[in-house]
Structures are given as C-alpha cells and as structure tokens.
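Inspection log for the structure reproduced underneath, given as structure tokens.
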Amino acid sequence: FYREPSTAAVEYADDQSGRRALQLSYHKGAAGFCGMWIHLFNSRMPAPARIFLDSRSFTALTFWIRGRSGQERLTLKVADSEWLRKEDALPIGDVARFLSKKAIDTTWQLAVVPLQALPSRINRTQLASLVFEANGPESGEIQIKTMAFCVTRFPLPPLPQPATNPATLRTLDKAIWVWSTDRILGKKEAEDTLVTFLVDEHCNRLFLALPYEATSFQSLMGITLRAERFRPLLSRLNAAGIHVHALLGDKDFIHPDRRPFVTATLENIARYNTSSKPGERFTGIHLDVEPYLLPGFGGKREPWIVGNYLALLSLASDIAHKSGMEIGADIPSWFDAPDEYTGRMELVDYKGTSRPIDEHVINLMDIIVLMGYRTAAFGADGMILNSLGEVDYASKSGKQVFVGLETGPIVDENVITFRGTPQRGLQGLGSSDGEVVLVPERDSADVYLVQSFQRAEFEKLFNDKSKAASALRWPVQSSTFVPGDKLSFATLRPARLTRSMEEAQTELGQTMAFRGFAIHFYESYVKLLTGNRR
C-alpha cells in the first residue's frame, strides 16, 4: 500500500545467498505513506464467510528480517476484524524493538513479538492483518522470511538454508493484441516493423483485429476479408512461427439481431482459410466480447445477457472447429468470484447444466485469456491468485489459459463503496466522508460524489426544485485509492514486466493448462519498451 508521492512494491526475491524471501521496496516521500500488509484470512471470501485467526493458543509472532542498507525503520501494526472493517490497524511497536540488536541491519535477525504486546483494543480471537509501515530512511528495502505464530518460545523457527536446486522455467507462449490492423495491412514499412518486433520480443501468437465500421452491423455479409491484403502479411507471420488469430471485439455482438452479422463474419474467416494456402491461414478465431459492459448486467437483464453471450461463444466454437481452427475468448478474472454480499457462487444455467460463468466459457473455448490486469504477481490481489481458479479448471478440461497484462495507460482512481437504501432529496446533504448523489435525467441519470465542503456549490446546480427532490443519495462507506500502476505496466520499467512474468510462472507454470502471457496491446507495448520509465 502507498499514497503518493511515497511508493511501495512487494515481491519474492533472493537474498545474497540465494534464500527466497518476501521483499518490500519502498520510497518514503515528504508526504504520503507506504508499506505492506499480510492478511491472516482468505481475503477472496466475502465478509460474511471470512474466518479470522484465533491467536489465544499462541505466545509469540516470529519472523526473520534483514535490510538492504541496515538503516531501514518499520512500524509493526495489527488489525482485528473490526479494525479491518475500518481499513485501519493499531501499532504494536517499532520492529527494531523486537530484534536482539535493536536495529534492522544487513544480516538476518529473528524478530520475536510477544502477543502480550498487542494493543488491548485488539480482539485476539479475530486477528485479521499484520502491517509493516515504513518510517525511513527516504528509500529502503527489507526482506522477511519464515513468519510464524509460535505456541512456545523454544525452539523458535530457524532460518532456512539457501535453495540448492533453483527451479527451471519451461518455455511459454507469448501473445499480443493488435487493434490497428487498418494502419498496418498493405503498408510494407508497417508490416516489416510489426513482424520484426514480434520476432524480437518472442511473441508467437497474434490476435489480429479484423477492421470494420460499427455502421456495418446491418450488413448480412459480415466483415469481409480481402484476401489480397491479408495473405502477404499472414504468410510472413506464419513463416516467422507466429500463429495468427482473427480478432473480433464488440459487446453488441451479444444481441440476437447482430447474430447474422457475426455468423457471416465467422464464415468469411473460414472461407478465407479454405481458399488460402496453409502458410497464409489464420490459426484460430479470438473473441473480445465483454457482456458486463452492457446496461443491465448485474441486474434483472443479466440472465438474458449471459445466455446470449454463451450462445454466441457456442456458435463461434462450432464454426471454428468445423473449419479446423482454434477458438479463444477474453474473460475477466472475476467471473469465478462469489457474490460479495451473500458469499455464494453465482451459477448460470446453460443447456441443462448449472455452473459458474467462467466454467461455461472454458468448456466452450480452446483458449481463454484472463483480463486480470495486475502488475504484481504475488499477493491477495496479484495475478497468481486471480488466475488459479481458471487455471485449475482448465487443467481438468484440457484447455489453455493465458494471463493478460496491460501496458496501456490507466489513471489513478479512488474506488467508492456505498450501499443500502438511499435517502431522497438534498436536504441534510453533507456527510463528513462524502455522499454519492444520483439525479434522474429523463431516461438516464447523473451521478456525483459530493464532499461536505461542496454542499453549497452543489445545491446551486439545481434551480429545478423537482429535480433536487427526486435525487437519491448514499453516504460513502469507504474510499480506496487504486494507483494506475497496480493495473498497468505503462509507467513502469520493462524489467518490472519481465520480473512479474517470471514470478507468476513459478506458480502458474506448475500446470500445463497455463500457456503463457498475453500483452495488451501492440502500440503501448512498443512505447513501454522504448520510452523512459520509472
């Protein structure tokens, strides 16, 4: 966690002797804060289903720690379930206080934290999180290994020996999306640049978008493929060992009245392959169709949307397989997440089978790409944990999974949480933490976040008293800062991307269903590799 201009990053890394350890790298700016947290419960479970740690049978928390410079200072904090709900923690003390040398240095030391040192306001039957907050110097790096809750003070966990046989990583596929096909096809210099780049970056799968105009939806002929434009490029790509998948992407493909257009397009791809030489063909079809972008997803229209979405995938699968092509689709990593309020997994009925939506998609596809879009491999919200469910199911189904990585720019944002029954009208507006206000406007609505100091100015916007009276408002329950570089590598160095892929592969690569990584997208990836990044 961090608030700019302070920053923090957590990863697994080797120490100078080859021991693998949890590593916190931080920069403590003049303002902001930074550090890391470790949950003591399954954070992917919804709040009602979470089981917290009952620490009453333990006497001490222990961990081995070392610093890169030996000047690092950290405060250890703890949260129980109630303080977790407040998104806060209480200090136990400076980490140095629990070390034999009373200071972090460059050698490994065992920290022993008596649980009697926990603040009295902490419920020891409901421990939720441990927090390490950096205090200085300006930049630091610490490593932690073998954290444990101990029943007795002796013997305490020893420092493990360095690994003697580091794991070797198998060769994976590397895919990339290209959306700007119109600016490349038939242009020798652009085609040369694309092929050279893909070979240099070891990209052996290409999702190549088929150019079309949204106004062409009414055409029963679908997207046409001019063979004289596609064959030269596909010939070069295939000769370079790059498998090309025809990419289609539009949320509106889900609508039944778009089905003739989509069917005709898929048949055009199959016809192109049949009329072309083997070295000029598409290997597969790839769908980037995102049903959750349609109005009504998450509401009463969701079953209708999901049913049509799965019908579309089934149609595409049939046509692709009949023509000897692979079929793939992009899906978000949260398709397998339980409902955040009930804790139950939402099941979808399709062709007489009731399953989570991600399992239906995996059953229909040969390949899925998980659009989890995280820059951290490890952690409660890292790419490994966000991918495990789909990778595990795909391994049982004989399917392949790619993990998607974003390189396009994503802005920092605050995620606002509000729920419950709203109050009507603007009278009383001005909660200390802000309020979310929805103002109906004909057949739509405008949504505002109003802080307490903005109340007077906000009310001036509404000369129409009936509009103000119809407004609905909810107090803000929480506001979580989400930096853009949590989701995208756009502002990070290329080495960070490489390291995150290697870290994710150490876990996900243990199953053959994990096929590799997919980079979104060509132009932003080029910019990442050639620009100045921090």
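Residue 15 is where the sequence shown starts when you use the working numbering, and the numbers rise one by one after that. Note that CB positions come from ideal geometry on N, CA and C, so glycine has one too. Keep in mind it's a predicted model, so treat the numbers as computed, not measured.
Compute the beta-carbon to beta-carbon distance between residue i and residue j, rounded to the nearest angstrom, for a pair I have assumed lies under 8 Å.
| i | j | result |
| --- | --- | --- |
| F267 | E147 | Not really, about 48 Å apart at Cβ, beyond 8 Å. |
| F349 | L419 | Wrong, their Cβ atoms sit about 18 Å apart, outside the cutoff. |
| D264 | V303 | 7 Å |
| R184 | G523 | 6 Å |
| V453 | D447 | That belief does not hold up - the Cβ atoms of V453 and D447 are roughly 20 Å apart, past 8 Å. |
| P370 | L384 | No, P370 and L384 are not in contact; Cβ-Cβ is about 14 Å, not under 8 Å. |
| H259 | G342 | 6 Å |
| A142 | F55 | 6 Å |
| R388 | L501 | 7 Å |
| L75 | V127 | 4 Å |
Helix, strand or coil, according to DSSP, for residue i in the structure here?
| i | result |
| --- | --- |
| F416 | strand |
| H534 | strand |
| H563 | Outside the displayed range of the chain (15 to 548) lies residue 563, so it cannot be described from this structure. |
| Y286 | helix |
| K91 | strand |
| N546 | Residue placement at N546 is poorly supported in this model, since its pLDDT is 48, which falls under 50; the coordinates are not used for a value here. |
| A22 | strand |
| G293 | helix |
| E304 | coil |
| T121 | coil |
| Y226 | coil |
| H269 | coil |
| N252 | helix |
| V276 | helix |
| D363 | strand |
On a Cα-Cα basis, can you pick out the residue from the options that is closest to residue i?
| i | options | result |
| --- | --- | --- |
| T525 | F416, E101, T421, L543 | F416 |
| R135 | R64, E360, K91 | K91 |
| F535 | T195, R64, L38, I65 | T195 |
| S445 | D426, V461, T431, R469 | R469 |
| R87 | D187, R433, D119 | D119 |
| R487 | V451, L132, V320 | V451 |
| T238 | L262, F221, R219 | L262 |
| T277 | I158, H257, L301, I319 | L301 |
| F476 | T494, D499, Q441, V145 | Q441 |
| A131 | A110, Q140, P105, Q437 | P105 |
| S71 | R315, Q140, G357 | Q140 |
| S347 | D372, D28, R138, G200 | D372 |
| I345 | G43, L329, G403 | G403 |
| L399 | P317, M379, A518 | A518 |
| L327 | I381, S290, F432 | I381 |
| V490 | E203, G84, P497, I430 | I430 |
State the start and end residues of the unbroken beta strand (DSSP E) segment that holds residue i.
| i | result |
| --- | --- |
| L54 | No beta strand (DSSP E) holds L54; DSSP gives it neither H nor E. |
| R34 | 34-41 |
| S153 | 153-164 |
| S368 | 367-369 |
| T178 | First-last for T178: undefined, no H or E at that position. |
| F77 | 74-81 |
| R167 | No beta strand (DSSP E) contains R167, which DSSP labels as neither H nor E. |
| R487 | 486-489 |
Measure the C-alpha to C-alpha separation of residue i and residue j and round it to an integer number of angstroms.
| i | j | result |
| --- | --- | --- |
| E449 | E473 | 13 Å |
| S411 | R58 | 24 Å |
| P270 | G154 | 57 Å |
| P190 | K115 | Correcting the residue identity first, residue 190 is Ile in this sequence and not Pro. So the two alpha carbons sit approximately 51 Å from each other. |
| R548 | T21 | Residue confidence is low: R548 scores 43 on pLDDT, short of 50, so the model does not pin down where it sits. No coordinate-derived value is stated. |
| F275 | L543 | 38 Å |
| S69 | L129 | 8 Å |
| S492 | T435 | 16 Å |
| R17 | G150 | 15 Å |
| T367 | N377 | 11 Å |
| T512 | A125 | 33 Å |
| F311 | R82 | 49 Å |
| A284 | E516 | 36 Å |
| V209 | M397 | 29 Å |
| T279 | S233 | 10 Å |
| P246 | T288 | 16 Å |
| A390 | S458 | 38 Å |
| S484 | Q437 | 10 Å |
| L443 | H374 | 45 Å |
Which stretch, first to last residue, makes up the alpha helix (DSSP H) that contains residue i?
| i | result |
| --- | --- |
| A470 | 469-474 |
| D332 | 316-336 |
| I398 | 397-411 |
| E521 | 508-522 |
| K479 | 479-483 |
Contact criterion: CB-CB distance below 8 Å. Does residue i meet it with respect to chain D?
| i | result |
| --- | --- |
| L222 | As a matter of chain content, chain D is missing from the structure shown, which is built from one protein chain. |
Is residue i close to the ligand FMN? I mean its beta-carbon at under 7 Å from any heavy atom of the ligand.
| i | result |
| --- | --- |
| D94 | The ligand FMN is not part of the structure shown, which contains no ligands of any sort. |
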